[in-house]
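So the sequences go chain by chain: A and B.
Counting along the first sequence from 1, when you hit position 45 you're at 44 in numbering that gives the first Met the number 0, and nothing is skipped either side.
Counting along the second sequence from 1, when you hit position 573 you're at 572 in numbering that gives the first Met the number 0, and nothing is skipped either side.
Each residue gets a CB set at the ideal place from its N, CA and C atoms; glycine is no exception.
In this text, all values refer to a predicted model and were calculated from it rather than measured experimentally.
Heads up: the structure comes next, in structure tokens.
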Amino acid sequence: MDLNTKYTPHSWPDHPESATLEGKNKFLGFWLFLGGETVLFASLFATYLALKNRGPSGMEFTTQELFELPLVFIMTMLLLTSSLTSVYAMYHMKNYNFKAMQAWLAVTVLLGAAFLGFEIYEFYHYVHLGFTYDQSAFSSAFFTLVGTHGLHVLIGLGWITLLMLRNTKRGFNLYNAPKFYVASLYWHFIDVVWVFIFTVVYLMGVIG
Amino acid sequence: MSSIAQKKGFGATLWDYLTTVDHKKIAILYLITGGFFFIVGGIEAMLIRIQLLKPDNDFVAAGLYNEIITMHGTTMIFLAAMPLLFGFMNAAVPLQIGARDVAFPFLNSLGFWMFFFGGIFLNLSWFLGGAPDAGWTSYASLAISSPGHGIDFYALGLQISGGGTLIAGINFLVTIINMRAPGMTYMRMPLFTWTTFVASALILFAFPPLTVGLFLMIFDRMFGANFFDHTMGGNTIIWEHLFWIFGHPEVYILILPAFGIFSEIFSTFSRKRLFGYSAMVFATVLIGFLGFMVWAHHMFTTGMGATANAIFAVATMAIAVPTGVKIFNWLLTMWGGSIKFTTPMLYAVGFIPSFVAGGVTGVMQASAPLDYQLHDSYFIVAHFHYVIVGGVVLGLLAGLHYYWPLMFNTMLNEAMGKITFWLFFLGFHLTFFIQHFLGLLGMPRRVFTYGEDQGWDLFNAISSYGAIFMAAGVIVLVVNIVMTIAKNVPVGRDPWGDGRTLEWAIPQPVPFYNFKQIPLVRGLDTYWIEKQEGNVEGMTYAEPIGDIHMPNNSIIPFIMSLGLFVGAFGALYNGEQPWAIPVLGLGLIITFAAMATRSLKDDLGYHIHKEDLLNEKGGKH
């Protein structure tokens, strides 16, 4: 593949992410990987539901007492919005507007980082209350499920940031377009998992 | 032409294999490593049979016996059978579909090195304070309170090698979907490609539950979590479910590619088109689907209740139907064929009655009430050795003889191959047939010895003598391999004379770019069609000769896997050694730095130019 090929918005392919065989492979391989990730999170959800509110006799922590929806609502809004901004970024990639894409990716990263900040605060708060990782089966399951999601957010942030920095000067080509595209797929996936965490862990936790 | 033909120093060859992204060389790496672990697992099996040779034997102590049976099972499944299958998949599948390489050559190398370091890590437990001792299933009720670090080695080692397997699975799925040559429609794919495809899909969905289960085990044992500790609200049944949601598809991940190898062999040496090709494809897909619906039949006695047991019993029995379809199709492929009894064909013919016997006892156990009688007895041991040795291992040995000329351009000695077959085949039945009756007589599995007055002496002795025959067969095989390599007589293209599919149409030794021109596939068994029409080149081409794009070699996969290997020691000694967390951090930094390097550094590959292909200089770059 020739990285020096210059494109115009007119000559840039409609689907730059799958315009080459490498791109097609990456696109399909990443979708399949997300299929495997789905099963991974499904296993963690099942474990959480089996161990929810379970602990040593006399444990005082329950989902109703622990979770506070206003905080989780803010986190949800941040992450959902970041998914939207990553769509804008991909929209501009298809239109061959590199600066606009970078700008929207930067917004995505900032929103994701804010989300992660709130999550770290939330975990710190629980640990401060005595709800530590080794306190009960419930606490282990909660921190493992939500923490695995948080780790995905962290990896996603690092990944998108690296991509932005690496390509700042050279703009689009058919080698990096699939990379941006699968990173945005990953980001959407993280968002979808959070929707399930919000519903299954927090909403169903508060309702009881 | 081939890089094998070039004279190279040992260091250069080693570096070549450490950095290679060529599926044919990765196949050889899988074959060597898998073969090594097969021998290790075999030695463990012999130790088991020596211990059980006579009553009240004290050849090994009870604790060591537990470690040996655990490592025998774990090694054979994860470190021998699967890598050997991956070896054949890598060797044959890209050639069968007319591709120049797999979809992700870099990931192919990463998958191998993760498996390699995971396997080494697991086996280092023998030298670092004791091997895992809770059985290959490592039920949490036993495993969380096992003293020492054995279980930690198990969980971390399988986590690393399991990651490699998942990567390999995704790679083969994408390869088969995206990289097929023009004309290679899904319903023209050779059966081995089809079974690789379905097995890879099973890997994709079956390995993540194992990943989660192993993480829960790691967190419980090394980082203070309480998933399995019932005094802290935990529940050990979670492990059983997660393990078997992985574990049952796993047996299909093993057997389906073996079915594929046998399908190729039956049609090649019956010199007939595979009978009921489309039914075979459908049966393969159906087995793959049903394989996910039956995990709880391993847990009938756990106490899930009659309704759950009934559902899983019926689902399990249903798998016998597509499997039966396959058996009859193989028989009918031979029917009326002009059969040549080569070594691979002997294995294939021997496989049918052996595997059917294992299948029949499987249906017996699917009946939940009967399973209460058979559970945890030697009947179970006999059953799963009939399907795994009678199915998978016979398939591997058949594949080894069948694909050896494809991989090495020389042929294993047929006479010695047949001696291996008869020693191994007779030894196998002698060892395991009698274990059905030991089970019915009440002998529980995993006991390290038994009393003189229990009436199990003679049957155990017969079983142990049978194992000696199997070992003798493997020794003849090793001698055969050494002699074949020493002689190294080139055999050229289509060495069996009856190759039907594309991999046999390529000139030998296979050029590192596989196909100078991508072939046009004109039907099922495309090479057979070309041969029938008198095409001496063996292929119709889909393109003129042009530049070929090739991937660059890379050491990064090796470093990435090495980082995980180093980090695993940190996790293992967490809370015990002051250097544990720094080492864990160091390992992860190595891995993530390698990933970042891969991401930041462009890897565009290179081109072999048309002129070099035309004047046969393609191998020099």
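Whole-angstrom distance between residue j and residue i, CA atom to CA atom
i	j	result
Ala136 (chain A)	Gly54 (chain A)	5 Å
Ala691 (chain B)	Phe261 (chain B)	Here chain B has residues from 0 to 620 only, and residue 691 (chain B) is not among them.
Ile484 (chain B)	Ile474 (chain B)	15 Å
Lys619 (chain B)	Trp403 (chain B)	Because Lys619 (chain B) sits at a pLDDT of 43, beneath the cut-off of 50, its placement in the model cannot be relied upon, and the following sentence gives the value as read from the coordinates. Spanning the two alpha carbons is a distance of roughly 25 Å.
Thr306 (chain B)	Val313 (chain B)	11 Å
His374 (chain B)	Arg444 (chain B)	9 Å
Asp370 (chain B)	Gln531 (chain B)	53 Å
Glu413 (chain B)	Tyr185 (chain B)	34 Å
Ser17 (chain A)	Met178 (chain B)	14 Å
His435 (chain B)	Glu451 (chain B)	20 Å
Gly533 (chain B)	Ala541 (chain B)	18 Å
Gly562 (chain B)	Asn552 (chain B)	19 Å
Ala593 (chain B)	Lys93 (chain A)	30 Å
Leu190 (chain B)	Glu263 (chain B)	7 Å
Leu70 (chain A)	Asp190 (chain A)	17 Å
Thr301 (chain B)	Arg492 (chain B)	55 Å
Gly390 (chain B)	Phe214 (chain B)	31 Å
Met0 (chain B)	Leu439 (chain B)	Low confidence applies to Met0 (chain B): its pLDDT is 38, below 50, so where it sits in the model is not reliable enough to give any reading.
Gly617 (chain B)	His382 (chain B)	No answer about Gly617 (chain B) holds up, because its pLDDT of 47 lies below 50 and its placement is not dependable.
Ser2 (chain B)	Pro506 (chain B)	Its pLDDT being 45, under 50, Ser2 (chain B) is placed unreliably by the model, and the measurement read from it follows with that caveat. If you take the alpha carbons of Ser2 (chain B) and Pro506 (chain B), they lie about 14 Å apart.
Thr75 (chain A)	Val194 (chain A)	8 Å
Ala4 (chain B)	Leu612 (chain B)	Low confidence applies to Ala4 (chain B): its pLDDT is 48, below 50, so where it sits in the model is not reliable enough to give any reading.
Candidates the options, of which the one nearest residue i by Cα
i	options	result
Val197 (chain B)	B:Leu587, B:Asp452, B:Ala133 and B:Met279	B:Met279
Val362 (chain B)	B:His297, B:Leu587 and B:Leu476	B:His297
Ile150 (chain B)	B:Pro181, B:Trp329, B:Tyr572 and B:Ala471	B:Tyr572
Thr160 (chain A)	A:Val126, A:Val38 and A:Phe179	A:Phe179
Met203 (chain A)	A:Asn24, A:Leu164, A:Phe66 and A:Glu21	A:Phe66
Asp13 (chain A)	A:Tyr95, A:Phe142, A:Lys5 and A:Phe72	A:Tyr95
Leu78 (chain B)	B:Phe265, B:Ala133 and B:Ile159	B:Ile159
Ala105 (chain A)	A:Glu121, A:Phe117, A:Phe122 and A:Val86	A:Val86
Thr46 (chain A)	B:Leu241, B:Val359 and B:Leu331	B:Leu241
Gly655 (chain B)	B:Tyr385, B:Val478 and B:Gly496	For residue 655 (chain B) there is no data in the structure shown, the boundaries of chain B being 0 and 620.
Leu405 (chain B)	B:Gly34, B:Gly62, B:Met88 and B:Met303	B:Met88
Ser10 (chain A)	A:Val199, A:Leu173 and A:Glu121	A:Leu173
Thr198 (chain A)	A:Val108, A:Leu48, A:Glu21 and A:Gly57	A:Leu48
Residue j beta carbon less than 8 Å from that of residue i
i	j	result
Ile96 (chain B)	Ile67 (chain B)	no
Phe120 (chain B)	Phe591 (chain B)	no
Ala504 (chain B)	Met559 (chain B)	no
Phe171 (chain B)	Thr195 (chain B)	yes
Ile338 (chain B)	Leu411 (chain B)	no
Tyr251 (chain B)	Ile202 (chain B)	no
Phe97 (chain A)	Phe40 (chain A)	no
Lys53 (chain B)	Ala460 (chain B)	yes
Ala112 (chain A)	Met100 (chain A)	no
Ala176 (chain A)	Leu50 (chain A)	no
Phe458 (chain B)	Leu425 (chain B)	no
Met70 (chain B)	Glu43 (chain B)	yes
Asn622 (chain B)	Asp133 (chain A)	Chain B is shown from 0 up to 620; residue 622 (chain B) falls before or after that span and cannot be answered.
Phe145 (chain B)	Ala133 (chain B)	Going by the sequence as given, residue 145 (chain B) is Ser instead of Phe. Result yes, Cβ atoms of Ser145 (chain B) and Ala133 (chain B) sit closer than 8 Å.
Leu184 (chain A)	Leu31 (chain A)	no
Ser199 (chain B)	Gly168 (chain B)	yes
Gly117 (chain B)	Thr32 (chain B)	no
Asn24 (chain A)	Val355 (chain B)	no
Anticipated Cβ contact below 8 Å, residue i with residue j, distance rounded
i	j	result
Leu30 (chain B)	Leu83 (chain B)	7 Å
Gly604 (chain B)	Met549 (chain B)	6 Å
Lys23 (chain B)	Val490 (chain B)	That pair is no contact at about 16 Å.
Gly182 (chain B)	Val520 (chain B)	4 Å
Thr192 (chain B)	Ile175 (chain B)	6 Å
Arg597 (chain B)	Ile554 (chain B)	With a Cβ gap of about 11 Å, Arg597 (chain B) and Ile554 (chain B) do not count as contacting.
Trp192 (chain A)	His148 (chain A)	A small fix is needed here, since residue 192 (chain A) is Val in this sequence, not Trp. About 6 Å; that satisfies the 8 Å criterion.
Gly290 (chain B)	Pro248 (chain B)	5 Å
Phe420 (chain B)	Gly336 (chain B)	Phe420 (chain B) to Gly336 (chain B), Cβ: 20 Å. No contact.
Leu78 (chain A)	Phe44 (chain A)	Their Cβ separation, rounded to whole angstroms, is 17 Å, which puts Leu78 (chain A) and Phe44 (chain A) out of contact at 8 Å.
Ala579 (chain B)	Gly569 (chain B)	5 Å
Lys609 (chain B)	Gly545 (chain B)	5 Å
Ser140 (chain B)	Pro131 (chain B)	About 15 Å; that fails the 8 Å criterion.
The ligand FMN heavy atom lying under 7 Å from the CB of residue i
i	result
Thr62 (chain A)	This structure does not include the ligand FMN; it has no bound ligands of any sort.
Inside the segment 50-122 of chain B only - alpha helix (DSSP H) runs reaching at least 4 residues: For the segment 50-122 of chain B, whole alpha helix (DSSP H) runs of length 4 or above, ordered along the chain, are 61-73 and 81-95.
Hey, which unbroken runs of the alpha helix (DSSP H) at 4 residues or more fall wholly within the segment 411-487 of chain B? The segment 411-487 of chain B contains these whole alpha helix (DSSP H) runs: 413-439 and 456-486.
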